[in-house]
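Numbering (full-length UniProt numbering), first residue to last: 1 to 306.
Ideal Cβ placement from N, Cα and C applies to all residues, glycine included.
Since we're looking at a predicted model, the values are computed, not measured.
Step one of this worksheet: look at the structure below.
In structure tokens, the structure reads:
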């Protein structure tokens, strides 16, 4: 027979915590709507643990607890709506009954698993929230005339919220994306009990998606223009280089003129017999009289050679 402070699988209850407490999803234990709402924060803990925790807390404040995965301490959530467990066909007063979404976030089995539970000290283990930022999945809520009252009523009913908690109002899903205390420090969880919380709204998911699409279009257009400009600049550079290769300087022009003048004064004499036809001989242009004298001298040399 196990002792009164121990449950199955060596579960133990101390003054301010419980170890290896058997947990099951409340959906298998009751049909009552407040326990089965998709954003329900009602937590049921073993009756003996509940009574011990009550004796340790300020009676004017809610009972705050932390629940964590026994195998992964980083998986932990905090709550301020705590009740003693009920006897059902699937559960006993020694068990912890949790909303399904809580078990999913803790990454434990809805059909049965184990959790550790700890009592939080108000003002020490849990701080009062001063700022909450919320993001809706659609933007239609901006048309609500009483938007502030709706959120205040919802949040105050929880007493405590966690970062990334999801809440539903009129079929719109809202996610808590930022929590801060009065000093502006970011928090993972905090109390909403009797606090003046400042509400802020992040860009809704549908508008955020549209913004992403528009930004992507702008980025694609920027890339397209950049590529086009690079291609155009490269083409212009080729044209410029070609133009430069065809540019003639003044010195080039003067040299060309000189060459043309030289060509005018050059004549090639070709022929056979008694003509002045020495191969590859080039002389300057001469008059008929000068040519006749040259021919005459040539004939004299030929006779002397004979």
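Coil, strand or helix - residue i by DSSP
| i | result |
| --- | --- |
| residue 171 | coil |
| residue 32 | coil |
| residue 151 | helix |
| residue 156 | helix |
| residue 61 | coil |
| residue 37 | coil |
| residue 227 | helix |
| residue 135 | strand |
| residue 117 | strand |
| residue 110 | coil |
| residue 13 | strand |
| residue 42 | strand |
| residue 129 | coil |
| residue 191 | strand |
| residue 213 | helix |
| residue 179 | strand |
| residue 145 | coil |
| residue 165 | coil |
| residue 185 | coil |
| residue 3 | Its pLDDT being 36, under 50, residue 3 is placed unreliably in this model, and the value from its coordinates should be taken loosely. Coil at residue 3, not helix or strand. |
Limits of the beta strand (DSSP E) - the one that residue i falls within
| i | result |
| --- | --- |
| residue 106 | Residue 106 -> not in any beta strand (DSSP E); alpha helix (DSSP H) instead, spanning 100 to 106. |
| residue 199 | 198 to 201 |
Anticipated Cβ contact below 8 angstroms, residue i with residue j, distance rounded
| i | j | result |
| --- | --- | --- |
| residue 70 | residue 115 | 6 angstroms |
| residue 117 | residue 18 | 4 angstroms |
| residue 29 | residue 94 | Not a contact, Cβ separation roughly 13 angstroms. |
| residue 77 | residue 105 | 6 angstroms |
| residue 180 | residue 187 | 6 angstroms |
| residue 120 | residue 182 | Incorrect: roughly 18 angstroms between the Cβ atoms, too far for contact. |
| residue 32 | residue 100 | With a Cβ gap of about 14 angstroms, residue 32 and residue 100 do not count as contacting. |
| residue 137 | residue 205 | 5 angstroms |
| residue 108 | residue 49 | The pair is not a contact, with the Cβ atoms about 18 angstroms apart (cut-off 8 angstroms). |
| residue 172 | residue 140 | 7 angstroms |
| residue 135 | residue 174 | 7 angstroms |
| residue 52 | residue 113 | Not a contact, Cβ separation roughly 22 angstroms. |
Proximity test, residue i beta-carbon vs the ligand FAD heavy atom, cut-off 6 angstroms
| i | result |
| --- | --- |
| residue 173 | Although the ligand FAD was asked about, the structure shown includes no ligands whatsoever. |
Exercise for the section: Evaluate contact between the region 81 to 90 and the region 127 to 135, counting only Cβ atoms and requiring at least three cross-stretch pairs below 8 angstroms. Expected result: no
Practice task
Determine, using beta-carbon pairs with one atom in the region 42 to 56 and one in the region 68 to 83, whether at least three such pairs fall under 8 angstroms.
Solution key: yes
Handout entry: Contained beta strand (DSSP E) runs [length at least 3] in the region 44 to 97, N- to C-terminal order
Key = 65 to 69, 72 to 79, 81 to 84
Exercise for the section: Please confirm if the region 161 to 174 is in contact with the region 30 to 43, defined as three or more CB-CB distances below 8 angstroms between the two stretches. Expected result: yes
Practice task
Indicate whether the contact test is met: 3 or more Cβ pairs, each with one atom in the region 52 to 63 and one in the region 21 to 28, closer than 8 angstroms.
Solution key: no
Problem - Cβ pair count under 8 angstroms reaching 3, the region 151 to 162 against the region 189 to 203 - result: yes
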